[in-house]
Amino acid sequence: MDKVTIFDTTLRDGEQAAGGTLNIQEKLEIARQLETLGVDIIEAGFPVTSPGDFEAVKRIAQEIRTPVICVLTHANLAAVDQSWEAVKGAKQPCIHIVLSSSDTHLFYQLRKSRDEILEMSCSTVARAKKYVNNVEFSAMDASRTDPEYIYQLLKAVIDTGATTVNIPDTVGYAMPDEFGQLIEGVFKNVPNIDQAMVSVHCHNDLGLAVANSLEALKRGARQVEGTINGIGERAGNASLEEIIMAIQTRQDFYNLTTSIDTKQIYKTSRLVSELTGFPVQPNKAIVGANAFRHSSGLHQDGVIKMRGTFEIMDPKSIGMPASSLVLGKTSGRHGFREHLAELGYSLSEADFDRAFTAFKELADKKPEITDRDIESLVAEEKRTVSQVYHLDRLQVTCGDRGIPTAAIRLIGPEGQILADASLGTGPVDAVYKAINRLVGVSNTLTEFSVKSVTEGIDAIGEVLIRIESEGITYTGRGADTDIIVASAKAYINALNRLLADNQKS
Ligand code: KIV
Ligand code: ZN
Numbered sequence: 368m369d370k371v372t373i374f375d376t377t378l379r380d381g382e383q384a385a386g387g388t389l390n391i392q393e394k395l396e397i398a399r400q401l402e403t404l405g406v407d408i409i410e411a412g413f414p415v416t417s418p419g420d421f422e423a424v425k426r427i428a429q430e431i432r433t434p435v436i437c438v439l440t441h442a443n444l445a446a447v448d449q450s451w452e453a454v455k456g457a458k459q460p461c462i463h464i465v466l467s468s469s470d471t472h473l474f475y476q477l478r479k480s481r482d483e484i485l486e487m488s489c490s491t492v493a494r495a496k497k498y499v500n501n502v503e504f505s506a507m508d509a510s511r512t513d514p515e516y517i518y519q520l521l522k523a524v525i526d527t528g529a530t531t532v533n534i535p536d537t538v539g540y541a542m543p544d545e546f547g548q549l550i551e552g553v554f555k556n557v558p559n560i561d562q563a564m565v566s567v568h569c570h571n572d573l574g575l576a577v578a579n580s581l582e583a584l585k586r587g588a589r590q591v592e593g594t595i596n597g598i599g600e601r602a603g604n605a606s607l608e609e610i611i612m613a614i615q616t617r618q619d620f621y622n623l624t625t626s627i628d629t630k631q632i633y634k635t636s637r638l639v640s641e642l643t644g645f646p647v648q649p650n651k652a653i654v655g656a657n658a659f660r661h662s663s664g665l666h667q668d669g670v671i672k673m674r675g676t677f678e679i680m681d682p683k684s685i686g687m688p689a690s691s692l693v694l695g696k697t698s699g700r701h702g703f704r705e706h707l708a709e710l711g712y713s714l715s716e717a718d719f720d721r722a723f724t725a726f727k728e729l730a731d732k733k734p735e736i737t738d739r740d741i742e743s744l745v746a747e748e749k750r751t752v753s754q755v756y757h758l759d760r761l762q763v764t765c766g767d768r769g770i771p772t773a774a775i776r777l778i779g780p781e782g783q784i785l786a787d788a789s790l791g792t793g794p795v796d797a798v799y800k801a802i803n804r805l806v807g808v809s810n811t812l813t814e815f816s817v818k819s820v821t822e823g824i825d826a827i828g829e830v831l832i833r834i835e836s837e838g839i840t841y842t843g844r845g846a847d848t849d850i851i852v853a854s855a856k857a858y859i860n861a862l863n864r865l866l867a868d869n870q871k872s
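Residue numbers (my numbering): 368 to 872.
Okay, here's the thing in structure tokens:
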């Protein structure tokens, strides 16, 4: 069986998704989890685009040792030099150069000839080779490029030293058979193709990113690029968990393997969703909440008699926790600790103490606590640890007669107590205005959503908000059984991220 190299670009193309900005700590946390998942390559960022990305790549390169750490760069000599500075601390560094190849991009966007593109590609690959052996070249918009030109370009960059050539369907335009033919064409018509790894990178504009990627693997590509949960530019990238599970579930068809520990998929998906603020749709293949739920009587009957009647994968194989009721008011520290370990958490003593206190408070309000409750609670605790402002107390009055009013008490940067109150058009508006009076940072609220973690009137409510300040979007999340408290926590979380960013610059 041939091994497929899994190239994860959640931290680069995934982060390019509108509103998906991550801070350095969050990027590191995702990178650590990607390492545990077993991806072969982490594309850690696009360092020339921002000082924040440069720093994040540097930190990931220093800390994450098992996978290759790759950085994306424009085909420009100075950008290659700068990208190397970001990634040079990695144990296994890689520089990834991207340049458009389609006539549409050349004519309308770059205003360059094919010969000029060829020259820029080779000179930048040669520059990267001065620093590192592992150099990837991507012919952007390859699926809309004249195939003869692709062959010529790939031959030239391989001759110059590119060790991987990537064929992206940048705008998600290709059909599976057509994309497969392009890959086959590359193998047949690029004379030195045996000296490079052939990679594919598909976008999901027509919902075909996974299908196109799998078709390319069938036709000989051995590296596939994608993101967790399929996040990314526009309609996103190929969803890595779908590709990995397709390869594993249909080994009889593909005869391929990967180095992924599939039991880490669910945890990785939850973490990416949590930190980017992009929820996973319930019917999403592999990691959606309904992916292993059988609701029709006929299906349930079949599954009870024999799982394989309607289930092609075992939810345990992706590490999805059982949705049974687990803990309650009488559960002690030991049971809680063991349960956390079963869910894959290993918390420091201080984090554990805080999580246990929060668990006990929750158990007073909610008799039956599920795995999803615990995940939400741990996420909430982790979020608040490094915050500058903390919510201390909150009280609102609202209804159809009175004027919504909020009184709020925060703990400030030096541990000082700050209190104020405000009126609003509704309780959340009043809370946000009261917080604004205390924190005093101007911003615009661009998104607000509430969802419940589990069924039931006593469920934890999770609030996701996005605020914008000086053109930058900050995500905030908060969880509580009281959705007004969750809204306040989410807003404080977003403000803390904004303030942390302001402090850096
Ligand atoms: O979609 C694309 O073409 C890319 C390249 C950088 C590989 O993201
Ligand atoms: Zn892309």
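Using N, Cα and C, we set each Cβ at its ideal position, and we do this for glycine too.
Can you tell which of Ala826, Ala797 and Leu866 has its C-alpha closest to the C-alpha of Thr840? Within the sequence shown, numbered from 1, the residue matching residue 840 stands at position 473. Ranked by Cα distance from Thr840, the first of Ala826, Ala797 and Leu866 is Leu866.
Mapping the DSSP letters down to three states, classify Tyr712 as helix, strand or coil. As a position in the sequence shown, residue 712 is number 345, starting the count at 1. If DSSP states are grouped into helix, strand and coil, Tyr712 belongs with coil.
Suppose contacts are defined by Cβ-Cβ distances below 7 angstroms. Is Ser344 in contact with Leu831 by that definition? The structure shown does not extend to residue 344, since the chain spans only 368 to 872, so no value can be given for it.
Taking DSSP as the reference, what is the three-state secondary structure of Cys437? One-based indexing of the sequence shown puts residue 437 at position 70. In the structure shown, Cys437 sits in a strand (DSSP, three-state: E or B).
Would you be able to state if there are at least three C-beta pairs under 8 angstroms between the region 565–573 and the region 530–550? Touching, yes.
From this set, Ala457, Pro414 and Ala722, which residue's C-alpha is nearest Pro434's C-alpha? As a first step, residue 434 must be located in the sequence shown, where it is residue number 67. Taking Pro434 as reference, the option from Ala457, Pro414 and Ala722 with the minimal CA-CA separation is Ala457.
Residue environment, Tyr858, which counts as buried when at least 16 other CB atoms sit within 10 Å: Indexing the sequence shown from 1 puts residue 858 at position 491. A residue is called buried when at least 16 other Cβ atoms come within 10 angstroms of its Cβ; Tyr858 meets this threshold and is buried.
Quick one, what's near the ligand KIV if you take every residue whose CB is closer than 6 angstroms to any heavy atom, in chain order? Proximity to the ligand KIV was defined by a C-beta distance below 6 angstroms to any of its heavy atoms, and the residues meeting it, in sequence along the chain, are Asp380, Leu439, Val465, Ser505, Met507, Asn533, Pro535, Thr537, His568 and His570.
Option in Gly769, Val755 and Ile827 with minimal Cα separation from Gln870: Here residue 870 corresponds to residue number 503 of the sequence shown, with the count starting at 1. Per the Cα distances, Val755.
When the Cα atoms are used, what is the spatial distance from Thr461 to Gln476? Taking the first residue of the sequence shown as 1, we reach residue 461 at position 94. Taking the first residue of the sequence shown as 1, we reach residue 476 at position 109. What sits at residue 461 in the sequence shown is Cys, not Thr. Roughly 27 angstroms separates the two Cα atoms.
Can you give me the Cβ contacts of Glu402 inside the same chain, cut-off strictly under 7 angstroms, excluding the 5 residues immediately before and after it? The residue labelled residue 402 in the question sits at position 35 within the sequence shown. Answer for Glu402: Ile431, Thr433 and Pro434, listed in chain order.
Excluding the five sequence neighbours on either side, which residues of its own chain have a C-beta within less than 7 angstroms of the C-beta of Val415, listed in chain order? Here residue 415 refers to the residue found at position 48 of the sequence shown. Thr440, His441, Ala446, Gln449 and Ser450.
Beta-carbon proximity of Ala428 to Ser468, cut-off 7 angstroms: Here residue 428 corresponds to residue number 61 of the sequence shown, with the count starting at 1. Here residue 468 corresponds to residue number 101 of the sequence shown, with the count starting at 1. Contact: no.
For Asp448, does the three-state DSSP call read helix, strand or coil? Within the sequence shown, the letter at position 81 stands for residue 448. Residue state, collapsed to three classes: helix.
Smallest Cα separation from Ala658: which of Gly644, Gly664, Asp420 and Ile679? In the sequence shown, counting from the first residue as 1, residue 658 sits at position 291. Comparing alpha-carbon positions, the option among Gly644, Gly664, Asp420 and Ile679 lying closest to Ala658 turns out to be Ile679.
Within the same chain, show all residues whose beta-carbon is closer than 6 angstroms to that of Met673, passing over the 5 residues directly before and after it, in chain order. Translated into positions along the sequence shown, residue 673 becomes position 306. Shown here for Met673: not one same chain residue has a beta carbon closer than 6 angstroms to its own, the five before and five after excluded.
Could you spell out where the beta strand (DSSP E) holding Asn533 opens and where it closes? Residue numbering aside, residue 533 sits at position 166 when the sequence shown is read from its first letter. Per DSSP, Asn533 belongs to the beta strand (DSSP E) from Thr531 to Asp536.
Tell me whether the region 585–597 and the region 375–382 touch, counting them as touching only if at least three CB pairs, one residue from each stretch, are closer than 8 angstroms. Touching, yes.
Note down, in chain order, each residue of its chain lying with its Cβ closer than 7 angstroms to the Cβ of Met368, except the 5 sequence neighbours on either side. Position 1 of the sequence shown, counted from the first residue, corresponds to residue 368. Around Met368: Asn622, Leu623 and Thr624.
Does the Cβ of Asn501 have 16 or more other Cβ atoms within 10 Å, making it buried, or fewer, making it exposed? Your numbering for residue 501 matches position 134 in the sequence shown. Answer is buried; the Cβ neighbour count reaches 16.
Would you report the Cα separation of Asp649 and Gln667, rounded to the nearest angstrom? In the sequence shown, the residue the question calls residue 649 occupies position 282. In the sequence shown, the residue the question calls residue 667 occupies position 300. Per the sequence presented here, residue 649 reads as Pro, with Asp not at that position. Between the alpha carbons of Pro649 and Gln667 lies a gap of roughly 19 angstroms.
What separation, rounded to the nearest whole angstrom, lies between the Cα atoms of Ile525 and Arg601? The count along the sequence shown starts at 1 and reaches residue 525 at position 158. The count along the sequence shown starts at 1 and reaches residue 601 at position 234. So the two alpha carbons sit approximately 31 angstroms from each other.
Return the residue from the list Glu396, Ala656, Leu812 and Arg739 that minimises the CA-CA distance to Val795. Numbered from its first residue, the sequence shown carries residue 795 at position 428. Minimum Cα-Cα distance from Val795 among the listed residues Glu396, Ala656, Leu812 and Arg739 corresponds to Leu812.
Determine contact between the region 597–611 and the region 633–647, defined as no fewer than three beta-carbon pairs at a distance below 8 angstroms. Cβ pair count under 8 angstroms is three or more, so yes.
Helix, strand or coil at Glu396 according to DSSP, with G and I counted as helix: By 1-based counting over the sequence shown, the position of residue 396 is 29. Glu396: helix per DSSP, three-state reduction.
Which class does Pro543 belong to by DSSP, given the choice of helix, strand or coil? Locating residue 543 in the sequence shown gives position 176, where the first residue counts as 1. Collapsing the DSSP output to three states places Pro543 in a helix.
Environment of Lys732 [buried if 16+ CB atoms lie within 10 Å]: Position 365 of the sequence shown, counting from 1, holds the residue named residue 732. Counting the other CB atoms within 10 Å of its CB gives Lys732 a total below 16, which places it among the exposed residues.
Comparing alpha-carbon positions, which option in Pro514, Gly539 and Ala493 lies nearest Thr530? Here residue 530 corresponds to residue number 163 of the sequence shown, with the count starting at 1. Cα-wise, what sits closest to Thr530 is Ala493.
Whole-angstrom Cβ separation of Gly539 and Ala576, contact assumed at under 8 angstroms? Mapped onto the sequence shown, residue 539 falls at position 172. Mapped onto the sequence shown, residue 576 falls at position 209. Between Ala576 and Gly539 the Cβ distance is about 6 angstroms, and since that is below 8 angstroms, they are a contact.
Which class does Leu389 belong to by DSSP, given the choice of helix, strand or coil? In the sequence shown, the residue the question calls residue 389 occupies position 22. Here Leu389 sits in coil by DSSP.
State the DSSP-derived secondary structure class of Glu814, mapped to helix, strand or coil. The residue given as residue 814 occupies position 447 in the sequence shown. It is a strand residue.
Name the DSSP beta bridge partners of Ser505, please? If you number the sequence shown from 1, residue 505 lands on position 138. In the DSSP assignment, Ser505 is bridged to Val465 and Asn533.
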